[in-house]
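Asks: Have a look at this one.
Number of protein chains: 2
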Amino acid sequence: MIRRYMASSSYSNSPCAACKFLRRKCLPDCIFAPYFPPEEPQKFSNVHKIFGASNVSKLLNEVLPHQREDAVNSLAYEAEARMKDPVYGCVGAISVLQRQVIRLQRELDATNADLMRYACNEMPSTSQYGRRTGQGEGSVDQNSGYYNFPSHWNNDNHE
Amino acid sequence: MIRRYMASSSYSNSPCAACKFLRRKCLPDCIFAPYFPPEEPQKFSNVHKIFGASNVSKLLNEVLPHQREDAVNSLAYEAEARMKDPVYGCVGAISVLQRQVIRLQRELDATNADLMRYACNEMPSTSQYGRRTGQGEGSVDQNSGYYNFPSHWNNDNHE
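Respectively, the protein sequence lines represent chains A and B.
Under the UniProt record's numbering, the first residue of the first sequence is numbered 1, with each subsequent residue one higher.
Under the UniProt record's numbering, the first residue of the second sequence is numbered 1, with each subsequent residue one higher.
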């Protein structure tokens with residue numbers, strides 16, 4: 001009984017970041033409290049600005065309790081990315097990573113082909129060792145099964 | 001005058017997907033109309049569900065007119081990803097891509113090292129050609145400057 005009283009008291013003394021932001025009483029069954037501690041006010045303020053408190057609450061109720069922490073963290077990551085880059089948000093990071101994957105796979109294929117020639121005791125016919133370690137590249141193949149970003153997303157502004 | 005009347009008439013005959021969804025009159029200066037054509041009702045319905053119409057409108061007003069199409073398309077991509085995967089959304093794709101980049105970079109480094117040994121007329125001491133073309137891998141290095149996802153995001157469920 002004393003413990004319950006203390007827990008309740010602790011709750012009312014430290015509302016979670018969401019309830020503090022929304023200026024409402026943080027009740028023991030608050031859906032936000034486990035994921036938005038008062039020490040991280042920016043985390044809630046970001047997801048509130050980008051998704052809205054109501055949408056976050058709906059989404060938390062739609063996923064299983066053990067998935068909620070990951071859901072909140074991915075929302076917080078998306079929200080922060082959108083605040084840093086209002087045009088592309090975290091989709092800009094996906095674009096950069098897709099280009100890196102395509103470039104690395106091409107370099108790996110070409111290096112493996114060179115290695116195969118060496119293994120067959122032939123010198124590589126067109127290349128010098130090291131030529132594929134540079135960062136420069138040409139246009140990116142869009143027919144690779146990836147999300148089809150507008151072509152100008154694939155310039156170097158996002159790298 | 002006639003042309004203006006026709007344009008206005010055309011507008012009132014085909015409200016954009018946003019105004020149709022929100023059951024409001026689509027005016028010629030509608031912020032949504034250029035990016036949410038009536039033929040793509042799902043695009044607006046998705047961003048409305050995940051971000052809210054008001055947040056989308058605010059964001060469109062915050063970016064420059066020539067950036068709005070990209071902004072809408074990235075929001076639509078994020079919204080669709082969140083609807084498909086309510087826990088991770090498009091952050092799941094970032095996690096998968098980060099792991100691919102780390103794996104490919106390691107394979108490329110190792111293949112280049114083998115190639116260097118061949119170039120110096122030494123056989124690779126520990127490897128056979130082709131050993132790094134498989135898909136299996138161990139744990140992922142978290143100290144690589146990437147966003148620090150929870151460790152269980154890096155299992156194979158998202159690949």
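Beta carbons are placed, not taken as given, at the ideal position from N, Cα and C, and that holds for glycine.
Compare the C-alpha of lysine 43(B) against each of Leu97(B), His66(B), Cys16(B) and name the closest.
Replies: Your numbering for residue 43(B) matches position 43 in the second sequence. The shortest Cα separation from lysine 43(B) among Leu97(B), His66(B), Cys16(B) belongs to Cys16(B).
Asks: Chain B beta carbons: is any one of them nearer than 8 Å to that of valine 101(A)?
Replies: Residue mapping note: residue 101(A) aligns to position 101 of the first sequence, counting from 1. Yes, because at least one Cβ of chain B sits closer than 8 Å to the Cβ of valine 101(A).
Asks: Any C-beta of chain B sitting closer than 8 Å to the C-beta of asparagine 61(A)?
Replies: If you number the first sequence from 1, residue 61(A) lands on position 61. Answer no: the Cβ-Cβ gap between asparagine 61(A) and chain B never drops below 8 Å.
Asks: Using a Cβ-Cβ distance under 8 Å, would glutamate 107(A) count as near chain B?
Replies: One-based indexing of the first sequence puts residue 107(A) at position 107. Taking Cβ atoms only, chain B reaches closer than 8 Å to glutamate 107(A), which makes this a yes.
Asks: By how many angstroms is the C-alpha of proline 65(A) removed from the C-alpha of cysteine 30(A)?
Replies: Position 30 of the first sequence, counting from 1, holds the residue named residue 30(A). Position 65 of the first sequence, counting from 1, holds the residue named residue 65(A). Roughly 13 Å separates the two Cα atoms.
Asks: For my contact list, lysine 25(B) and proline 41(B) are in at a C-beta cut-off of 8 Å; report their separation, rounded to the angstrom.
Replies: By one-based count along the second sequence, residue 25(B) stands at place 25. By one-based count along the second sequence, residue 41(B) stands at place 41. So it is not a contact: roughly 17 Å between Cβ atoms.
Asks: Quick one: which chain A residues come within Cβ less than 7 Å of asparagine 46(B)?
Replies: In the second sequence, counting from the first residue as 1, residue 46(B) sits at position 46. Under the 7 Å cutoff, chain A gives no residues; its nearest Cβ is about 12 Å from asparagine 46(B).
Asks: For leucine 115(A) versus aspartate 114(B), is the C-beta spacing smaller than 8 Å?
Replies: Reading the first sequence from its first residue, position 115 is the one you call residue 115(A). Reading the second sequence from its first residue, position 114 is the one you call residue 114(B). It is a contact, given that the beta carbons lie within the stated cut-off.
Asks: Would you call the region 56 to 63 of chain A and the region 88 to 97 of chain A in contact, with 3 or more CB pairs under 8 Å?
Replies: No, they do not touch.
Asks: Note down the Cα distance separating glutamate 69(A) from tyrosine 118(A), rounded to an integer number of angstroms.
Replies: Translated into the one-based positions of the first sequence, residue 69(A) becomes position 69. Translated into the one-based positions of the first sequence, residue 118(A) becomes position 118. Taking the straight line joining both Cα atoms gives about 51 Å.
Asks: With DSSP run on the structure shown, which of helix, strand or coil describes leucine 64(A)?
Replies: For the purposes of this step, residue 64(A) is identified with residue 64 of the first sequence, where counting begins at 1. In the structure shown, leucine 64(A) sits in coil (DSSP, three-state: anything other than H, G, I, E or B).
Asks: Does any residue of chain A bring its CB to less than 8 Å from the CB of valine 87(B)?
Replies: Within the second sequence, the letter at position 87 stands for residue 87(B). Yes, contact with chain A.
Asks: State the CB to CB distance for the pair leucine 108(B) and leucine 104(A), rounded to an integer number of angstroms; the pair is presumed to be in contact (CB under 8 Å).
Replies: Walking along the second sequence from the start, residue 108(B) turns up at place 108. Walking along the first sequence from the start, residue 104(A) turns up at place 104. Right, the Cβ-Cβ distance comes to about 6 Å (below 8 Å), so this counts as a contact.
Asks: Kindly give me the distance between the Cβ atoms of valine 87(B) and alanine 110(A), rounded to whole angstroms, as I take these residues to be in contact under 8 Å.
Replies: To locate residue 87(B), count along the second sequence from 1; it is residue 87. To locate residue 110(A), count along the first sequence from 1; it is residue 110. Contact doesn't hold; Cβ gap of about 38 Å is too wide.
Asks: State yes or no: is the beta carbon of cysteine 26(B) nearer than 8 Å to at least one beta carbon in chain A?
Replies: One-based indexing of the second sequence puts residue 26(B) at position 26. Chain A contact via Cβ: absent.
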